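Comments concern the structure below.
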Amino acid sequence: MTGMLVKNAYVIDPLSGVNGEIMDIAIRDGKIVEEVGSGAVVIDAGGCLTLPGGIDSHSHVCGTKVNFGRYMSPEDMRAGRTSRKGVMHVTSGYSVPTTFGNSYRYSSMGYTTVLEGAMAPLEARHTHEEFTATPHQDMLANTLFDGNWSIMEAVRDKDVKRAAAVVAWTLAAVKGFAIKLTNPGGTEAWGWGEDVHSIRDEVPRFGVTPAEIIETMIQANELLNLPHSVHIHCNNLGVPGNYQTTLDTIDLAPDLNKERQSLYLTHVQFHSYGGSTWKDICSKSEDVARAVNARPQVAIDMGQIMFGRTTTMTADGPMEFKLYMLHHNKWSNHDVELETGSGIIPVYYGRKSLVNCVMWAIGLELALLTKNPWQCMLATDNPNGAPFVKYPEIIALLMSRKLREYEMKVIDPRTEHFVPLFAIDRELDWYEIAVMTRAAQAKALGITRIGKGHLAPGAEADIAIYPLKPDELDPSVDYQQVMAGFAKTSYTIKRGRVVARDGEVIVEGANSTIWTRAEVPPEFDLNNDPEFVKKFEQYYTVRMRNYPVQEVYLPRGVSISTEASL
Amino acid sequence: MRVILKTRPRAKPKIPIEAETIIPQNFLRKNDILVYEGNKERKLEDLFYVTTEGPAVSPDQVEVILTGNTGVIKRVGEYMNAGRIIVEGDIGMHCGNFMSAGEIIIRGNADSWLGREMRGGVIRCEGNAGHYCAAGYRGEKRGMRGGMVEVLGNAGDFAAEYLSGGEVHIHGNCADLPGVEMRGGTLTIGGDCLRPCGNMTGGTCRVFGTAHQMLPTFRRNGSEVTEYGGKQYRMAVYRGDVANRGKGTVLIRE
Numbered sequence: 001m002t003g004m005l006v007k008n009a010y011v012i013d014p015l016s017g018v019n020g021e022i023m024d025i026a027i028r029d030g031k032i033v034e035e036v037g038s039g040a041v042v043i044d045a046g047g048c049l050t051l052p053g054g055i056d057s058h059s060h061v062c063g064t065k066v067n068f069g070r071y072m073s074p075e076d077m078r079a080g081r082t083s084r085k086g087v088m089h090v091t092s093g094y095s096v097p098t099t100f101g102n103s104y105r106y107s108s109m110g111y112t113t114v115l116e117g118a119m120a121p122l123e124a125r126h127t128h129e130e131f132t133a134t135p136h137q138d139m140l141a142n143t144l145f146d147g148n149w150s151i152m153e154a155v156r157d158k159d160v161k162r163a164a165a166v167v168a169w170t171l172a173a174v175k176g177f178a179i180k181l182t183n184p185g186g187t188e189a190w191g192w193g194e195d196v197h198s199i200r201d202e203v204p205r206f207g208v209t210p211a212e213i214i215e216t217m218i219q220a221n222e223l224l225n226l227p228h229s230v231h232i233h234c235n236n237l238g239v240p241g242n243y244q245t246t247l248d249t250i251d252l253a254p255d256l257n258k259e260r261q262s263l264y265l266t267h268v269q270f271h272s273y274g275g276s277t278w279k280d281i282c283s284k285s286e287d288v289a290r291a292v293n294a295r296p297q298v299a300i301d302m303g304q305i306m307f308g309r310t311t312t313m314t315a316d317g318p319m320e321f322k323l324y325m326l327h328h329n330k331w332s333n334h335d336v337e338l339e340t341g342s343g344i345i346p347v348y349y350g351r352k353s354l355v356n357c358v359m360w361a362i363g364l365e366l367a368l369l370t371k372n373p374w375q376c377m378l379a380t381d382n383p384n385g386a387p388f389v390k391y392p393e394i395i396a397l398l399m400s401r402k403l404r405e406y407e408m409k410v411i412d413p414r415t416e417h418f419v420p421l422f423a424i425d426r427e428l429d430w431y432e433i434a435v436m437t438r439a440a441q442a443k444a445l446g447i448t449r450i451g452k453g454h455l456a457p458g459a460e461a462d463i464a465i466y467p468l469k470p471d472e473l474d475p476s477v478d479y480q481q482v483m484a485g486f487a488k489t490s491y492t493i494k495r496g497r498v499v500a501r502d503g504e505v506i507v508e509g510a511n512s513t514i515w516t517r518a519e520v521p522p523e524f525d526l527n528n529d530p531e532f533v534k535k536f537e538q539y540y541t542v543r544m545r546n547y548p549v550q551e552v553y554l555p556r557g558v559s560i561s562t563e564a565s566l
Numbered sequence: 001m002r003v004i005l006k007t008r009p010r011a012k013p014k015i016p017i018e019a020e021t022i023i024p025q026n027f028l029r030k031n032d033i034l035v036y037e038g039n040k041e042r043k044l045e046d047l048f049y050v051t052t053e054g055p056a057v058s059p060d061q062v063e064v065i066l067t068g069n070t071g072v073i074k075r076v077g078e079y080m081n082a083g084r085i086i087v088e089g090d091i092g093m094h095c096g097n098f099m100s101a102g103e104i105i106i107r108g109n110a111d112s113w114l115g116r117e118m119r120g121g122v123i124r125c126e127g128n129a130g131h132y133c134a135a136g137y138r139g140e141k142r143g144m145r146g147g148m149v150e151v152l153g154n155a156g157d158f159a160a161e162y163l164s165g166g167e168v169h170i171h172g173n174c175a176d177l178p179g180v181e182m183r184g185g186t187l188t189i190g191g192d193c194l195r196p197c198g199n200m201t202g203g204t205c206r207v208f209g210t211a212h213q214m215l216p217t218f219r220r221n222g223s224e225v226t227e228y229g230g231k232q233y234r235m236a237v238y239r240g241d242v243a244n245r246g247k248g249t250v251l252i253r254e
């Protein structure tokens with residue numbers, strides 16, 4: 001292979017400490033190298049913004065619940081239709097598009113790695129099959145442990161090592177990447193028709209509290225030396241006054257890891273509400289941001305909502321039921337035996353709704369009030385807050401106070417009494433946006449070691465070249481150009497191949513699925529644990545030997561091996 | 001302006017034509033109009049003999065007349081917002097989808113999904129209509145929101161499903177489940193029907209024939225006299241659907 005040379009690029013690569021240097025990037029065999037020969041294919045970036053490939057650290061794009069969203073919303077499939085063109089498949093759908101639709105749209109925005117936010121272990125095969133059909137992004141799957149009975153037993157017995165063993169066995173079996181806790185304890189309680197309302201409430205029938213689950217899992221995660229931290233969707237999502245739960249959860253996070261956070265809180269916008277009812281809901285983003293600023297061991301993502309139609313889907317069954325009681329539209333709830341649950345309902349976020357306007361403001365406030373951009377990532381919890389195609393708009397809102405003021409005029413005028421957003425002057429710069437959309441994600445997910453999120457020699461050649469000239473643009477005024485630029489790359493390069501050009505995908509994808517394998521000592525290998533095997537055969541409706549996902553489901557699997565300190 | 005579209009003979013006449021571009025506003029411009037024959041994109045002239053008579057400056061003045069083997073043409077009048085379409089025969093599925101104004105007259109029968117999610121305007125079908133006449137699309141919360149659909153013959157299953165505004169008038173019989181999930185608007189059935197208005201939450205349905213297998217979730221609420229076709233009828237009034245805390249009204253001839 002002759003290699004490729006990207007010339008004249010305006011590079012921002014926060015992990016390598018590069019901020020706005022005009023430089024050349026050499027690529028050979030899918031990796032970034034020091035230099036290539038004269039026969040290399042040359043791409044002239046012409047001084048345009050060049051960043052490492054984008055990474056989405058929390059998105060719902062593959063798996064059973066996403067598919068359920070697709071088939072319960074046939075009307076959504078009427079939007080976003082594109083016909084077959086070159087190598088591109090037909091796509092359709094707006095908030096829950098087809099897998100190829102997701103992949104092409106991410107690619108044209110320069111995203112090359114996506115983390116699926118919640119995979120039920122029992123239903124992992126479906127997720128992996130859809131990963132294979134999302135060909136232009138490397139995929140990772142957060143694995144749900146919030147209501148796992150074996151975990152709850154270990155937590156009750158205060159046996160961190162046992163919990164770690166269960167995590168290691170499950171991640172290896174279902175080819176998952178990290179631990180996800182969705183409404184820990186609450187989803188399982190919902191399986192019995194109940195819920196938990198604070199992290200100190202006991203989960204009925206299990207004798208544990210959400211706080212104990214979270215603390216045990218954080219320790220188990222560090223015992224296994226997993227690349228990512230515990231990824232948590234806090235209790236009480238979407239409940240007015242829930243910021244207290246969020247602060248309590250942040251307080252639980254110890255500082256156990258020097259390289260990254262010890263607790264990742266996702267879609268924090270949905271968890272930063274003050275007030276006591278929908279009528280007096282207000283923003284508590286200042287309190288939450290202050291807590292995050294004070295604790296470097298915590299990272300969050302925004303969970304920004306954007307106005308328009310979308311579909312909410314989460315493993316948080318009780319929350320979706322509460323949403324159904326508000327909307328009285330179609331809904332779904334689902335229980336995954338012994339593990340977790342889920343729920344899906346379509347929603348519409350309107351500018352005329354005060355509650356929605358407050359939610360919209362909170363997401364932006366979190367990003368603007370968190371001092372360190374490495375601690376607050378840009379995400380919409382796609383598609384819960386908005387489909388990911390809205391990211392460019394969010395970037396523009398963060399970079400331009402003028403655009404925020406313009407928006408203020410068209411939303412519910414009462415909003416400003418409930419949120420501090422319009423008193424915040426901060427405008428993010430290109431570097432901070434680069435951190436919030438790729439570098440911070442790579443660091444938080446712990447995938448810099450496999451060459452993600454940076455452009456130093458040896459890294460994977462995932463590069464996004466945007467048609468934006470940071471020297472000539474003032475993002476606080478030219479927000480329209482910023483939006484258009486981030487929506488469509490000039491070139492998206494994935495593992496050394498140009499995959500998208502001016503928003504159109506031009507090659508067949510060949511992604512890989514990244515999963516973790518924690519090597520545990522033989523006494524902690526649950527395959528040899530008679531008690532675990534007995535319980536598995538007794539309670540599950542599948543046989544233990546049929547449970548693990550076979551290698552054939554991951555045609556290009558990449559495993560990150562870690563040595564557990566058990 | 002009058003545009004006459006007569007279908008050309010085709011080697012495989014059963015292959016459907018998808019023609020959402022056949023709407024009056026498109027004939028004002030001189031651009032090519034493209035339609036699909038099966039999965040192949042074709043020019044309008046390849047499938048139709050096109051005759052244009054007279055001038056027009058606005059879409060209101062455009063009248064499109066479809067003749068020939070029109071029963072295989074789908075999606076005629078989709079998003080139509082002015083003018084008139086006259087079909088001198090049968091019409092295929094999805095005629096008048098989302099139309100917001102104007103008029104469609106069908107001299108023959110209409111296939112399923114006639115006037116689905118229509119916003120305004122008038123559709124008059126002089127033959128029978130298929131299933132889902134004036135209904136919502138699968139999954140959509142609201143179906144037809146305004147305008148008028150009149151069918152002189154019979155209609156198939158799920159007529160006026162998710163109706164939330166406007167008026168649907170079927171002179172003949174309806175098959176199973178007319179007016180199911182109704183939220184507003186008026187549905188008038190001149191003949192018989194089966195299991196009307198399940199899960200309705202609003203709107204009015206009047207049945208001047210026999211409602212077979214009436215659902216048990218409607219509460220009798222007296223009677224009243226209604227005029228229909230120049231005659232007075234005594235109607236039983238029902239409120240419901242109680243199972244859905246509905247506030248709809250169903251009037252059935254006593």
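If you're matching them up, the sequences are chains A and B in order.
For the first sequence, the positions run 1 to 566 when this note's numbering is used.
For the second sequence, the positions run 1 to 254 when this note's numbering is used.
For every residue, glycine included, the Cβ atom is placed at its ideal position computed from N, Cα and C.
Here the structure is a predicted model, which is why all the values come from computation and not from measurement.
Minimum C-alpha distance to residue i - residue among the options
i: A:Tyr466; options: A:Thr91, A:Gly17, A:Ala434 and A:Ile345; result: A:Ala434
i: A:Thr277; options: A:Asp248, A:Gly238 and A:Asp301; result: A:Gly238
i: A:Tyr547; options: A:Gly557, A:Leu554 and A:Phe536; result: A:Phe536
i: A:Glu432; options: A:Met4, A:Val347 and A:Gly20; result: A:Gly20
i: A:Ala602; options: A:Ile493, A:Thr216, A:Ser476 and A:Val477; result: Outside the modelled stretch of chain A, which goes from 1 to 566, sits residue 602 of chain A, for which no answer is possible.
i: A:Met119; options: A:Val90, A:Ser59 and A:Lys161; result: A:Ser59
i: A:Ile232; options: A:Asn225, A:Pro240, A:Asn221 and A:Gly241; result: A:Asn221
i: A:Pro555; options: A:Trp515, A:Ser107, A:Leu122 and A:Leu455; result: A:Trp515
Nearest-angstrom Cα separation, counted from residue j out to residue i
i: B:Gly165; j: B:Arg183; result: 8 Å
i: A:Ser262; j: A:Arg295; result: 10 Å
i: B:Met99; j: A:Gly385; result: 31 Å
i: B:Leu187; j: A:Thr143; result: 50 Å
i: A:Ala141; j: A:Ser92; result: 24 Å
i: B:Asp157; j: B:Met118; result: 18 Å
i: A:Glu194; j: A:Val208; result: 14 Å
i: A:Tyr71; j: A:Ser332; result: 11 Å
i: B:Gly136; j: B:Leu114; result: 10 Å
i: B:Ile104; j: B:Thr52; result: 19 Å
i: A:Thr134; j: B:His171; result: 51 Å
Secondary structure of residue i, DSSP reduced to three states
i: B:Tyr272; result: With chain B represented from 1 up to 254, any question about residue 272 of chain B goes unanswered, as that position is not in the structure.
i: A:Ser332; result: strand
i: B:Thr217; result: coil
i: A:Leu338; result: coil
i: A:Arg438; result: helix
i: A:Ser283; result: strand
CB contact flag (residue i, residue j, <8 Å)
i: A:Ala518; j: A:Pro392; result: no
i: A:Arg404; j: A:Leu354; result: no
i: A:Gly54; j: A:Thr437; result: yes
i: A:Tyr264; j: A:Ala299; result: yes
i: A:Glu551; j: A:Gly557; result: yes
i: B:Ala134; j: B:Ala159; result: yes
i: A:Thr187; j: A:Thr340; result: yes
i: A:Gly303; j: A:His267; result: yes
i: A:Met217; j: A:Leu181; result: yes
i: B:Thr226; j: B:Met235; result: yes
Per DSSP, cross-strand counterpart(s) of residue i
i: B:Gln232; result: B:Glu227
i: B:Arg42; result: B:Val35
i: A:Met23; result: A:Ala9
i: B:Glu167; result: B:Met148 and B:Thr186
i: A:Ile411; result: DSSP, once it has assigned bridges, lists no residue as partnering A:Ile411.
i: B:Leu194; result: B:Asp176 and B:His212
i: A:Pro346; result: A:Thr311
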